[in-house]
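First the structure, in the form of structure tokens, and then the observations on it.
Number of protein chains: 2
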Amino acid sequence: MRPTDLLTVSDVAERSGFAPSALRFYEREGLVHATRTSGNQRRYERNVLRRLAFIRAARNVGLSLEEVAAALATLPEGRTPTRADWTRLSRSWRHRLDDQIAALTKLRDGLDSCIGCGCLSLKKCAMSNPADVVADRGPGAAFLPAPLRRSS
Amino acid sequence: MRPTDLLTVSDVAERSGFAPSALRFYEREGLVHATRTSGNQRRYERNVLRRLAFIRAARNVGLSLEEVAAALATLPEGRTPTRADWTRLSRSWRHRLDDQIAALTKLRDGLDSCIGCGCLSLKKCAMSNPADVVADRGPGAAFLPAPLRRSS
DNA sequence: CTTGTAGTTGAAGTCAACTTCAAGTCAAGC
DNA sequence: GCTTGACTTGAAGTTGACTTCAACTACAAG
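From first to last, the protein sequence lines stand for chains A and B. Going by this note's numbering, the residue at position 129 of the first sequence is 176; the numbering climbs one at a time, nothing skipped. Going by this note's numbering, the residue at position 81 of the second sequence is 128; the numbering climbs one at a time, nothing skipped.
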């Protein structure tokens with residue numbers, strides 16, 4: 048589309064759905080990389096789109112940018128990541144999603160009994176204290192997965 | 048436990064699991080109410096614990112404080128809320144949880160096929176674009192329920 | 001009455017994940 | 001070569017839900 052096959056920031060913004068400001072932010076945070084023209088404008092290689100797709104997907108799963116960065120850092124340095132590389136990164140999400148679904152399901156089922164009783168007891172109600180645990184705010188047993196958790 | 052049956056801020060903090068600072072914040076925001084001693088210290092009625100239980104539960108379901116406030120505002124002014132009042136408030140969460148669970152399940156199932164293909168295509172992959180919709184950032188079709196959504 | 005713990009306030013800080021702004025520079029079509 | 005729109009930067013602002021701080025006051029046990 049351009050003299051070379053490099054993409055401008057607005058190309059990438061349009062194709063990835065991320066705002067240009069987000070792209071710059073991600074670059075500052077080390078999540079994506081861009082080369083520069085002689086005039087200091089960003090030029091992206093096409094593979095950045097896959098990286099951005101990964102980032103969006105990871106955010107949907109509930110990963111923080113920090114976690115995403117850590118995951119991306121495990122990609123091989125020298126070569127272009129293969130399909131298998133991406134698959135490896137995605138596979139761990141399955142677990143995370145299972146956990147999230149299980150937590151919400153438990154919450155919902157707790158709600159069913161809660162509607163029956165109308166109690167909202169702090170110590171007993173599955174909705175406000177879903178794991179049947181007396182609120183112990185230690186770092187240990189968090190009921191909801193991080194993205195859903197309200198810690199205090 | 049005290050001369051009257053009124054609770055101090057630390058009583059409530061301990062029993063509800065909310066930090067005193069959160070309790071003061073909730074009071075400023077109009078979510079809970081406290082009377083004052085002659086020396087201007089807060090004294091809570093016991094029913095505040097139920098209100099706080101509701102707040103915690105609502106937060107777990109993914110409601111914002113603003114939504115919680117709106118829900119609490121529908122409670123009757125004059126009388127102490129009945130079991131039926133709380134039940135009515137809780138009932139609407141069932142839907143919300145169902146939506147959240149459905150969204151996550153769809154995401155997970157999308158992941159299964161995604162692991163198979165390793166594509167992470169922006170336009171096609173269920174993980175980064177789970178509703179099979181070209182990213183249209185209008186206010187309309189949001190894939191995930193609000194608490195899970197990453198809007199851009 | 002003294003002492004120490006618990007409580008009070010408004011203002012400011014925190015965190016994540018960006019967005020917005022101002023002031024200026026680059027690239028491309030005519 | 002000129003104009004116009006795209007791009008650059010660092011700094012500051014945004015949002016939600018609180019937490020932290022400093023400076024001060026209240027309450028209850030001894």
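Note that beta-carbon positions come from the ideal geometry of N, C-alpha and C, so glycine has one too. Values in this document were obtained by computation on a predicted structure and should not be read as measured data.
Query: Proximal residues, the stretch 61-80 of chain A versus chain B, C-beta separation under 9 angstroms; Result: Arg62, Ser63, Gly64, Phe65, Ala66 and Ala69
Query: Which residues DSSP lists as bridging leucine 54(B), in chain order; Result: Tyr91(B)
Query: Backbone secondary structure at threonine 82(B) - three-state DSSP; Result: strand
Query: Nearest to valine 95(A) (by Cα), restricted to the options Ala173(A), Ser63(A) and Leu169(A); Result: Ser63(A)
Query: Span of the alpha helix (DSSP H), counted from its first residue to its last, around threonine 134(A); Result: 130-164
Query: Per-residue DSSP class, three states only, for alanine 66(B); Result: coil
Query: Anticipated Cβ contact below 8 angstroms, methionine 174(B) with cysteine 161(B), distance rounded; Result: 5 angstroms
Query: C-alpha distance - isoleucine 148(B) paired with glycine 157(A), whole-angstrom precision; Result: 14 angstroms
Query: Chain A contact for alanine 118(B) (CB, 8 angstroms cutoff); Result: no
Query: Cutoff 8 angstroms: leucine 154(B) Cβ touching any chain A Cβ; Result: yes
Query: Within-8 angstroms CB hit, asparagine 94(A) to chain B; Result: no
Query: Any C-beta of chain B under 8 angstroms from that of glutamine 147(A); Result: yes
Query: Spatially closest choice to leucine 136(A) from Val108(A), Gly86(A) and Lys153(A), by CA coordinates; Result: Val108(A)
Query: At least three beta-carbon pairs within less than 8 angstroms, the stretch 66-82 of chain A to the stretch 114-131 of chain B; Result: no
Query: Within chain B, partners of leucine 86(A) - CB distance below 7 angstroms; Result: The residue you asked about is not leucine; residue 86(A) is glycine in the sequence shown. Those within 7 angstroms of glycine 86(A) in chain B number zero; the least Cβ separation is about 28 angstroms.
Query: Test: serine 175(B) CB closer than 8 angstroms to a CB of chain A; Result: yes
Query: Where the stretch 127-143 of chain A meets chain B: residues whose CB sits under 7 angstroms from a CB there; Result: Arg130, Ala131, Trp133, Thr134, Ser137, Arg138, Trp140 and Arg141
Query: Reference arginine 83(A); option with closest CA among Ala118(A), Trp133(A), Glu61(A) and Leu54(A); Result: Leu54(A)
Query: Interface flag, valine 115(A) vs chain B, CB-CB below 8 angstroms; Result: no
Query: Beta-carbon proximity of arginine 89(B) to valine 56(B), cut-off 8 angstroms; Result: yes
Query: Three-way DSSP call (helix, strand, coil) for alanine 173(B) in this model; Result: coil
Query: Glutamate 74(A) in three-state terms, based on DSSP; Result: helix
Query: Arginine 126(B), DSSP secondary structure in three states; Result: coil
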